[in-house]
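Enquirer: For reference, the structure I am asking about is given below.
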């Protein structure tokens with residue numbers, strides 16, 4: 001998810017499902033900072049699949065939740081096929097066949113996000129996910145990205161089991177080739193739990209413009225240095241990476257510390273906040289407390305994140321300018 005947040009007073013957070021630090025009250029207010037992050041999925045469960053009102057309402061309430069965090073721009077991702085019960089094979093969640101297609105799912109989510117935009121004065125865009133274990137869905141996903149490119153959908157993503165590569169599952173490669181041909185932006189979950197070779201495939205085969213997580217890129221220093229030179233953007237999620245076991249549970253050993261020291265292009269994000277009972281502020285406070293992050297680093301990564309968003313160029317420029325104005329900075333100051 002891409003979050004861009006205004007200063008706000010933080011809420012008191014409930015106890016997460018494992019021992020992780022609780023965000024101090026007023027962190028972002030103290031820093032007086034707008035926040036940019038890329039990565040979070042829009043969470044639906046099987047109870048909402050096939051339910052039009054539930055899908056639209058969840059999208060709307062997602063925007064409401066982000067507004068309460070002070071977010072002014074968000075890119076959120078989900079799989080439309082997981083929520084459908086017709087024009088999808090197999091029908092997910094053991095549902096009976098109904099009349100809700102992946103196409104209508106996208107329209108409902110778009111409507112919920114748009115209604116949330118108007119109600120809460122933030123901008124919400126979406127990314128549609130291909131699933132690694134379902135390559136037969138991927139061409140349908142890219143067609144939906146093309147159809148709704150001017151109606152809120154900004155990119156395509158590939159998520160799921162990283163052991164399922166594109167050589168064995170060529171449907172994903174074909175979808176990404178079509179995405180590149182048609183000017184659809186591309187991000188890929190890679191190197192979270194899978195090896196650096198998955199990141200290499202994402203960049204070289206799928207032509208990814210951003211990498212979701214990407215921690216294990218550090219295993220291949222040649223690839224890592226290449227991506228630094230290319231200014232590749234990494235969508236980093238500290239809390240998630242501990243609770244999933246993707247990274248060492250000791251936050252002082254998290255790969256994002258290396259990204260920070262190397263001045264990489266990355267963002268801090270939440271991931272599966274409903275499942276992990278976490279917030280964007282928790283990821284930020286964790287980075288500050290355990291990873292040596294300063295206000296200046298938060299500003300640097302946020303400006304880089306805004307520049308790496310999938311907005312059209314004019315809207316992106318407006319967004320970046322808003323950050324510079326909020327930070328009291330002159331554009332192009334070396335960040």
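In full-length UniProt numbering, the protein residues as written are 1 to 335. Where a beta carbon is used, it is the ideal one built from N, C-alpha and C, also for glycine. All of these numbers come straight from a predicted model, not from anything done at the bench.
1) Taking Cβ positions only, does residue 174 come closer than 7 angstroms to chain D?
2) Give every residue of the same chain whose Cβ lies closer than 6 angstroms to the Cβ of residue 216, excluding the five residues on either side of it in the sequence, and list them in chain order.
3) When the distance is taken between beta carbons, is residue 164 closer than 7 angstroms to residue 144?
4) Quick one: measure Cβ to Cβ for residue 210 and residue 187, integer angstroms, because I've assumed they're closer than 8 angstroms.
5) In three-state terms, what does DSSP make of residue 222?
6) Please classify residue 191: does DSSP put it in a helix, a strand, or coil?
7) Less than 7 angstroms between the beta carbons of residue 142 and residue 84, yes or no?
8) Residues bridged to residue 185 by DSSP?
9) Name the two residues that bound the continuous alpha helix (DSSP H) containing residue 116.
10) Measure from the alpha carbon of residue 113 to the alpha carbon of each residue in 177, 76, 237 and 281, then state which is nearest.
11) According to the Cβ coordinates, are residue 182 and residue 158 closer than 7 angstroms?
12) Looking only at C-alpha atoms, which of 91, 171, 110 and 102 sits nearest to residue 60?
13) Taking the beta carbon of residue 252 as the centre, do at least 16 other beta carbons fall within 10 Å, making it buried, or is it exposed?
14) Which class does residue 315 belong to by DSSP, given the choice of helix, strand or coil?
15) Are there 16 or more other CB atoms within 10 angstroms of the CB of residue 318, so buried, or fewer, so exposed?
16) Quick one: Cα of residue 223 to Cα of residue 258, how far?
17) Can you tell me the Cα-Cα spacing of residue 288 and residue 97, whole angstroms?
18) Measuring CA to CA, which of 88, 246 and 203 is closest to residue 177?
19) Relative to the alpha-carbon of residue 193, which residue among 156, 205, 246 and 151 has its alpha-carbon at the smallest distance?
20) Within 10 angstroms of its Cβ, does residue 309 collect 16 or more other Cβ (buried), or is it exposed?
21) Leaving out five residues on either side along the sequence, give the residues of the same chain with a beta carbon under 8 angstroms from the beta carbon of residue 325.
22) When you compare only the Cα positions, how much space is there between residue 266 and residue 320?
23) Put residue 266 into one of helix, strand or coil per three-state DSSP.
24) Take residue 120 and list the residues in its own chain whose beta-carbon comes closer than 7 angstroms to its own, dropping the five residues that flank it on each side.
25) Between which two residues does the alpha helix (DSSP H) holding residue 124 run?
26) Exposed or buried, which one is residue 328 when buried takes at least 16 other CB atoms within 10 Å?
27) Return the first residue and the last residue of the alpha helix (DSSP H) that residue 58 is part of.
28) When you compare only the Cα positions, how much space is there between residue 189 and residue 330?
29) For residue 56, which residues in the same chain have their Cβ closer than 7 angstroms to its Cβ, ignoring the five residues on either side in sequence?
30) With 16 as the cutoff for other CB atoms within 10 Å, does residue 136 come out buried or exposed?
31) If we call anything under 7 angstroms between Cβ atoms a contact, is residue 198 one with residue 235?
32) Does the beta-carbon of residue 133 have 16 or more other beta-carbons within 10 angstroms, so that it is buried, or is it exposed?
33) Would you identify the three-state DSSP class for residue 209, choosing helix, strand or coil?
Expert: Per the coordinate set shown:
1) Of the protein chains in this structure there is only one, and it is not chain D.
2) Excluding positions up to five away in sequence, the list reads 191, 195 and 196.
3) Their beta carbons are not under 7 angstroms apart, which means residue 144 does not touch residue 164 by this criterion.
4) Taking the Cβ atoms as the reference, residue 210 lies roughly 4 angstroms from residue 187, within the contact range of under 8 angstroms.
5) Residue 222: helix per DSSP, three-state reduction.
6) If DSSP states are grouped into helix, strand and coil, residue 191 belongs with coil.
7) Judged by their CB atoms, residue 142 and residue 84 are not nearer to each other than the 7 angstroms cut-off.
8) Per DSSP, 155.
9) Membership of residue 116 in the alpha helix (DSSP H) is indicated by the continuous run 102 to 120.
10) With distances taken between CA atoms, residue 113 lies nearest to 76 out of 177, 76, 237 and 281.
11) Going by beta carbons, residue 182 and residue 158 fall outside the 7 angstroms limit.
12) Distances from the alpha-carbon of residue 60 to those of 91, 171, 110 and 102 put 110 closest.
13) The residue in question, residue 252, is exposed, as its Cβ has fewer than 16 Cβ neighbours within 10 Å.
14) Residue state, collapsed to three classes: helix.
15) The residue in question, residue 318, is exposed, as its Cβ has fewer than 16 Cβ neighbours within 10 Å.
16) The straight-line gap from Cα to Cα measures roughly 15 angstroms.
17) Their Cα atoms are separated by approximately 49 angstroms.
18) Ranking 88, 246 and 203 by CA distance to the CA of residue 177 puts 203 first.
19) Comparing Cα positions, the closest option is 246.
20) The residue is buried, with at least 16 neighbouring Cβ atoms inside 10 Å.
21) There are no such residues.
22) Answer to the nearest angstrom: the Cα atoms are 15 angstroms apart.
23) Strand, per DSSP.
24) The beta carbon of residue 120 is closer than 7 angstroms to those of 63, 64 and 67 in its chain, skipping five residues each way along the sequence.
25) Residue 124 -> not in any alpha helix (DSSP H); beta strand (DSSP E) instead, spanning 123 to 131.
26) Exposed, because fewer than 16 other Cβ atoms sit within 10 Å of the Cβ of residue 328.
27) Note, residue 58: alpha helix (DSSP H), 52 to 68.
28) Taking the straight line joining both Cα atoms gives about 34 angstroms.
29) For residue 56, same chain residues with a beta-carbon under 7 angstroms away, outside a window of 5 residues either side, are 108, 111 and 112 in chain order.
30) Residue burial annotation: residue 136 is exposed, with fewer than 16 other C-beta atoms found within 10 angstroms of its C-beta.
31) Contact: no.
32) It is exposed - the Cβ of residue 133 has fewer than 16 other Cβ atoms within 10 Å.
33) Three-state result, residue 209: coil.
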